[in-house]
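Q: Quick note on this note's numbering: the sequence shown kicks off at 4 and runs consecutively.
We put the CB at the ideal spot given by N, CA and C, even for glycine.
In this text the structure is predicted, and so the values were computed from the model without any measurement.
So that we are looking at the same thing, I have put the structure below in structure tokens.
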Amino acid sequence: MRRALDLGRSGAVHVAAREIERRTRPDSGWDLPPEPLWDHLVDARMGVLIVAGDALARGEQGTDQAGYEARRREVLEAIGQMPEGHDARARYWAAYLDDRHADLLARRGETAAARRAARRARSAYEALGRDEDAARVARLVTELEAAREAEGGAERTGHGAGHGAGRAADVRSGRDFEDDGDERAESA
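See the structure below:
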């Protein structure tokens with residue numbers, strides 16, 4: 004699936020994700036511990052989300068916000084199925100989800116929401132000790148803030164790509180949030 008993502012082959016990503024989902028079901032017959040099965044399930048759903056987000060950002064025919072949001076909820080549901088004792092890995096997946104969401108929002112010009120998602124990702128990466136990821140996302144925050152200032156403070160807030168869908172991941176990951184009518188609270 005990763006190779007298909009790298010090559011931009013969305014059809015192959017969907018096929019691989021379906022196969023991964025099939026193999027991670029409890030009745031699949033695979034004699035693996037639940038932890039790697041869960042991690043593969045989250046990874047598969049994340050791959051499908053990445054494809055959906057990329058298509059939405061490019062404005063491809065047949066893509067819409069609702070489809071992207073459905074894929075995002077599926078990732079959150081998968082993260083929520085975390086096996087006992089895998090809180091840190093679940094927090095990583097929640098941070099990565101915010102990271103990818105921030106990237107999509109930024110590409111769509113929804114700078115306010117992108118900045119909030121990027122700040123959440125940065126904070127989560129910092130808490131996890133993932134300094135390289137935190138620094139990369141911090142650069143995105145800086146770029147988004149510079150773009151806002153260059154435009155005289157005006158920015159698109161969008162229609163809530165996410166509209167609260169990340170709340171469950173926040174609760175599971177121990178992050179606080181406030182309802183601002185669009186995205187979780189801005190924190191830095």
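Hey, could you find the ends of the alpha helix (DSSP H) residue 37 is sitting in?
A: That run of the alpha helix (DSSP H) goes 37 to 61.
Q: Counting only beta-carbon atoms, is residue 105 nearer than 8 Å to chain B?
A: Going by chain labels, chain B is absent from the structure shown, which holds only one protein chain.
Q: Could you say which of 40, 94, 64 lies nearest to residue 28 if we only look at CA atoms?
A: The candidate whose alpha carbon is nearest that of residue 28 is 40.
Q: Is it buried or exposed for residue 100, if we count other Cβ within 10 angstroms and need 16 for buried?
A: By the neighbour-count rule (16 or more Cβ atoms within 10 Å), residue 100 is buried.
Q: Going along the chain, which unbroken runs of the alpha helix (DSSP H) with 4 or more residues stay wholly within the stretch 105 to 157?
A: If we require 4 residues or more, the alpha helix (DSSP H) runs fully inside the stretch 105 to 157 come out as 114 to 130, 134 to 153.
Q: Which of the three DSSP states is assigned to residue 27 in this structure?
A: Reduced to three states, the DSSP call for residue 27 is helix.
Q: If we ignore side chains and look at the alpha-carbon of each, how far apart do residue 13 and residue 155 end up?
A: Cα to Cα, residue 13 sits roughly 38 Å from residue 155.
Q: Looking at the structure shown, is residue 14 part of a helix, part of a strand, or coil, going by DSSP?
A: The answer is helix: DSSP assigns residue 14 an H, G or I state.
Q: On the three-state DSSP scale, how would you describe residue 76?
A: Reduced to three states, the DSSP call for residue 76 is helix.
Q: To the nearest angstrom, how far is the alpha carbon of residue 22 from that of residue 116?
A: Between residue 22 and residue 116, the C-alpha separation is close to 33 Å.
Q: Can you give me the Cβ contacts of residue 96 inside the same chain, cut-off strictly under 6 Å, excluding the 5 residues immediately before and after it?
A: Excluding positions up to five away in sequence, the list reads 45, 82.
Q: Please report how far the alpha carbon of residue 65 lies from the alpha carbon of residue 51, in whole angstroms.
A: Computed Cα separation, rounded: 15 Å.
Q: When you compare the stretch 139 to 152 with the stretch 110 to 128, are there three or more beta-carbon pairs, one atom per stretch, that lie closer than 8 Å?
A: These segments touch.
Q: Applying the 10 Å Cβ sphere with the 16-neighbour rule, what's the burial state of residue 138?
A: Exposed, because fewer than 16 other Cβ atoms sit within 10 Å of the Cβ of residue 138.
Q: Buried or exposed, going by whether 16 or more other CB atoms sit within 10 Å of the CB of residue 56?
A: By the neighbour-count rule (16 or more Cβ atoms within 10 Å), residue 56 is buried.
Q: Taking the beta carbon of residue 47 as the centre, do at least 16 other beta carbons fall within 10 Å, making it buried, or is it exposed?
A: Residue 47 is buried by the Cβ-count criterion.
Q: Excluding the 5 residues flanking residue 19 on each side, which residues of the same chain have their C-beta closer than 8 Å to its C-beta?
A: If we look at residue 19 and ignore the five residues flanking it on each side, its Cβ neighbours are 4, 7, 47, 50.
Q: If you draw a straight line from the C-alpha of residue 38 to the C-alpha of residue 62, how long is it?
A: If I take the Cα positions, the gap works out to 36 Å.
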